[in-house]
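When we follow this note's numbering, the leftmost residue of the sequence shown carries the number 4, and every step to the right adds one. Yeah, the Cβ is synthetic: ideal placement off N, Cα and C, and Gly gets one too. Take a look at the structure below.
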Amino acid sequence: MTATKIKTRRLGTHGLQSSAIGLGCMGMSEFYGPSNEQQSIATIHRALELGVTMLDTADMYGPFKNEELVGRAIKGKRDQVVLATKFGNVRDPNDPTKRRINGRPEYVRQACEGSLKRLGVDTIDLYYQHRVDKNTPIEDTVGAMADLVREGKVRYIGLSEASIATIRRAHKVHPISAVQTEYSLWTRDPEDGLLDALRMLGIGFVAYSPLGRGFLTGQIKRPEDLAADDFRRHNPRFQGENFQKNLELVERVEEIAKEQNCTPAQLALAWVLAQGDDIVPIPGTRHPERVEENVGALKIVLSENDLRRIDLAAPKGVAAGERYAESGMETVNL
Numbered sequence: 004m005t006a007t008k009i010k011t012r013r014l015g016t017h018g019l020q021s022s023a024i025g026l027g028c029m030g031m032s033e034f035y036g037p038s039n040e041q042q043s044i045a046t047i048h049r050a051l052e053l054g055v056t057m058l059d060t061a062d063m064y065g066p067f068k069n070e071e072l073v074g075r076a077i078k079g080k081r082d083q084v085v086l087a088t089k090f091g092n093v094r095d096p097n098d099p100t101k102r103r104i105n106g107r108p109e110y111v112r113q114a115c116e117g118s119l120k121r122l123g124v125d126t127i128d129l130y131y132q133h134r135v136d137k138n139t140p141i142e143d144t145v146g147a148m149a150d151l152v153r154e155g156k157v158r159y160i161g162l163s164e165a166s167i168a169t170i171r172r173a174h175k176v177h178p179i180s181a182v183q184t185e186y187s188l189w190t191r192d193p194e195d196g197l198l199d200a201l202r203m204l205g206i207g208f209v210a211y212s213p214l215g216r217g218f219l220t221g222q223i224k225r226p227e228d229l230a231a232d233d234f235r236r237h238n239p240r241f242q243g244e245n246f247q248k249n250l251e252l253v254e255r256v257e258e259i260a261k262e263q264n265c266t267p268a269q270l271a272l273a274w275v276l277a278q279g280d281d282i283v284p285i286p287g288t289r290h291p292e293r294v295e296e297n298v299g300a301l302k303i304v305l306s307e308n309d310l311r312r313i314d315l316a317a318p319k320g321v322a323a324g325e326r327y328a329e330s331g332m333e334t335v336n337l
């Protein structure tokens with residue numbers, strides 16, 4: 004089946020292009036409760052049919068299983084995919100809950116070779132450092148990533164959850180095409196200078212968790228709606244009073260979505276898309292029908308008045324609770 008054509012966006016000024024909405028694949032392997040590989044592969048195939056090109060994975064998802072799954076799903080379809088993966092979050096094989104960050108040059112190469120093999124490809128389109136290693140100069144890490152570009156193993160490089168200062172230092176070593184961090188109606192931290200800095204440098208922005216880890220869809224009404232092993236049960240925004248306060252935010256989003264004749268998820272994605280044509284959100288899902296719903300957000304045009312109303316309903320800093328537990332927050336914006 005021929006893929007549908009949907010809007011594309013340019014990420015950075017060095018040639019990387021992607022569908023305006025991508026697909027986050029993390030939850031297909033773990034973190035969000037039980038999953039079904041057959042259904043997950045069907046979800047990836049449906050995304051490609053709809054014209055979604057950006058598939059986002061990482062070696063730590065699974066660990067390793069997610070890259071293998073994506074590799075199986077794209078076999079014979081490589082030319083339809085902008086393949087993004089990440090390295091740097093290293094999990095203990097004996098206890099996957101324990102992790103460390105490694106940005107050493109020799110590890111960069113080792114990690115890339117492993118990802119290429121699991122994905123079944125010769126080249127990774129967009130290779131990110133998943134988290135900044137504060138014990139390794141960013142110049143050394145990016146220097147090793149640049150070597151991979153010169154060797155044809157990677158086309159473009161990116162950073163995830165890096166500070167503006169780190170991004171500027173990295174960009175001097177080799178052009179950074181994209182920076183990925185969390186951005187949504189309940190996580191608006193990138194508006195504190197990051198988006199402006201990226202635009203000045205000619206770097207694109209990839210927004211992960213644009214649906215607030217599913218909360219903004221309106222499908223989660225109580226903590227018990229989450230599977231027992233769902234990592235969101237340990238996320239501050241899904242706990243206690245924070246959960247109840249955040250439900251109020253979702254109710255306001257639902258109200259505006261009704262007026263727009265769309266779902267809350269579509270409204271939340273349309274808002275992210277409206278923040279700049281250099282932004283590509285990558286909502287994650289394991290269900291083909293949710294991909295269809297998410298792609299439908301591209302048809303929603305929000306007026307200036309609509310955006311003002313949404314801004315009043317979900318003002319900056321409105322979400323209750325940090326976006327990660329304390330240990331997670333220590334690894335972002337470095």
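Going by DSSP, which residues form a beta bridge with residue 190?
Paired residues: 187.
Helix, strand or coil: which one does DSSP assign to residue 38?
coil
With respect to the alpha helix (DSSP H) encompassing residue 284, which residues constitute its N-terminal and C-terminal limits?
Element bounds for residue 284: not the alpha helix (DSSP H) but the beta strand (DSSP E), 282 to 284.
Would residue 181 pass as a contact of residue 206 if the rule is Cβ separation under 8 Å?
Result yes, Cβ atoms of residue 181 and residue 206 sit closer than 8 Å.
Hey, which unbroken runs of the beta strand (DSSP E) at 3 residues or more fall wholly within the segment 205 to 267?
Inside the segment 205 to 267, DSSP marks whole beta strand (DSSP E) runs of 3 or more residues at positions 207 to 211, from first to last along the chain.
Would you kindly check if the distance between the Cβ of residue 53 and the Cβ of residue 335 is under 8 Å?
no
Kindly list the residues whose CB is nearer than 6 Å to the CB of residue 291, restricted to its own chain and excluding five residues on each side of it in sequence; keep chain order.
45, 46, 49
Since residue 69 and residue 32 should fall inside the 8 Å C-beta cutoff, what is the C-beta to C-beta distance between them, to a whole number of angstroms?
So it is a contact: roughly 4 Å between Cβ atoms.
Would you list the residues sitting across from residue 159 in a DSSP beta bridge?
Note: residue 159 sits in a beta bridge opposite 129.
In whole angstroms, what is the alpha-carbon distance linking residue 28 and residue 215?
15 Å
Between residue 102 and residue 64, what straight-line distance do the alpha-carbon atoms span, to the nearest angstrom?
12 Å
Taking only three categories from DSSP, how would you classify residue 112?
helix
Taking the alpha helix (DSSP H) that residue 7 belongs to, which residues open and close that run?
Run containing residue 7: none; DSSP gives neither H nor E here.
Assign residue 177 to one of two classes, buried (16 or more other C-beta atoms within 10 Å of its C-beta) or exposed (fewer than that).
Note on residue 177: 16 or more other CB atoms within 10 angstroms of its CB, so buried under the neighbour-count rule.
Looking only at C-alpha atoms, which of 146, 94, 123 sits nearest to residue 109?
Considering only 146, 94, 123, the residue with the shortest C-alpha distance to residue 109 is 146.
When you compare the CB positions of residue 179 and residue 160, do they come within less than 8 Å of one another, or not?
In contact: residue 179 and residue 160 (Cβ atoms closer than 8 Å).
Identify whether residue 298 lies in helix, strand or coil by the three-state DSSP scheme.
helix
By alpha-carbon positions, which one of 186, 247, 73, 217 ends up nearest to residue 283?
186
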